[in-house]
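First the structure, in the form of structure tokens, and then the observations on it.
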Amino acid sequence: MDAYLYLVSASYVSHAKFRNLAKALIRAAPCSARAVRLEGSGDGMWHALDELSGQGASRIELRPIGLPFSQSLEKWLPNAAASWLDRHGPGAPDLFMGAVLQADNRVIQSAARARIELTRIHPKADGEIGNGWDSPPDFRHHILVCAGPRCHLKDAPNLVDALKSELGRERVSSQCLVTTTGCLFPCNSGPVIVHYPRGNWYRVADLSDIRDFVAQALCANTIPKHLLIHQTEDHQVSA
Ligand code: FES
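Residue numbers (this note's numbering): 6 to 244.
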């Protein structure tokens, strides 16, 4: 059985918008298909490959969706898929990486000439200013959670949800600003989170790590050293 896996690169798209796009892509696909985001939230590529393979796919095409599509993702994705293939062993489906859309002139022409719905824009004073965008928020802890593609592959977005529910369970949500970010660079140590103002960088691989991080770093104001991967120089402190 053939299958397509659509790989959508779009960091600032809401769940709902992605869901609609995914549905439309899957509806239009000529074969069994799945769609995942490469950044942000939802299942990662490895998870989707597991699913399609479990459904009996013997040949899967990885189809990048996004204009323009990042050249670093274009280079890295075949390697990340090769790693899945290596772990899957004999009986794995054949995998093929598709060319990015900007390489296809027909796609560019169709995007450039498409008849799209238009909404007239009227003058509005201070239209760029939004409510509540005036002052920095008054939080004790700022937690950066990497939702870049390489951390996403290791289920970082699900850890965001787990982190938020653990903050609620420990009743410290009101003290914490959680921000998802793009790649923070130590991808191989991911999924990565950074805790400011202490300047500590952690690897949080699963729910138990999240619990240790919240209990020790946020509630007890100590450093969970088994998770620590780096300290920002100006902030180096002992536990
Ligand atoms: S993708 Fe998370 S550190 Fe690079």
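We treat Cβ as the ideally placed atom computed from N, Cα and C, and that holds for glycine.
- Judged by DSSP secondary structure, H231 falls outside any alpha helix (DSSP H); it is assigned neither H nor E.
- A straight line joining the alpha-carbon of P162 with that of L90 spans about 23 Å.
- Counting along the chain, the unbroken beta strand (DSSP E) around A40 starts and ends at 37-42.
- At a threshold of 7 Å, R155 counts as near the ligand FES, since its beta carbon sits closer than that to one of the ligand's heavy atoms.
- Annotation note: the stretch 52-109 contains the following uninterrupted alpha helix (DSSP H) runs of length 4 or greater, listed N- to C-terminal: 76-93.
- Per the DSSP secondary-structure output, D7 pairs in a beta bridge with R64.
- Look at the beta carbons and you see the stretch 12-28 not touching the stretch 119-130: under three pairs across the two are nearer than 8 Å.
- In this structure, DSSP gives N205 an extended state, which the three-state scheme calls strand.
- DSSP places L149 inside the beta strand (DSSP E), whose first and last residues are 146-151.
- In chain order, P69, V105 place their CB closer than 8 Å to the CB of E79, counting only its own chain and leaving out the 5 sequence neighbours on each side.
- Between V150 and L164, the CB-CB gap stays under 8 Å.
- Residue nearest to D143 within the set L57, A87, P202, E44 is P202 (criterion: CA-CA distance).
- Beta-carbon to beta-carbon, G49 and H157 are separated by about 5 Å, close enough to satisfy the 8 Å threshold.
- When Cβ pairs closer than 8 Å are counted between the two stretches, the stretch 185-204 is seen not to touch the stretch 133-143, the count staying below three.
- According to the DSSP assignment, C181 belongs to the beta strand (DSSP E) that extends over 181-186.
- E238 and S46 have their C-alpha atoms some 31 Å from each other.
- Judged by their CB atoms, I228 and A220 are not nearer to each other than the 8 Å cut-off.
- The criterion of a C-beta distance shorter than 8 Å is satisfied by L57 and A8.
- Here the alpha carbons of Q107 and Y17 stand approximately 20 Å from one another.
- Taking C-beta atoms under 8 Å as the contact rule, A53 and R39 qualify, at a distance of about 5 Å.
- The ligand FES has no heavy atom closer than 7 Å to the beta-carbon of G49.
- When DSSP states are grouped into helix, strand and coil, V13 belongs to the strand group.
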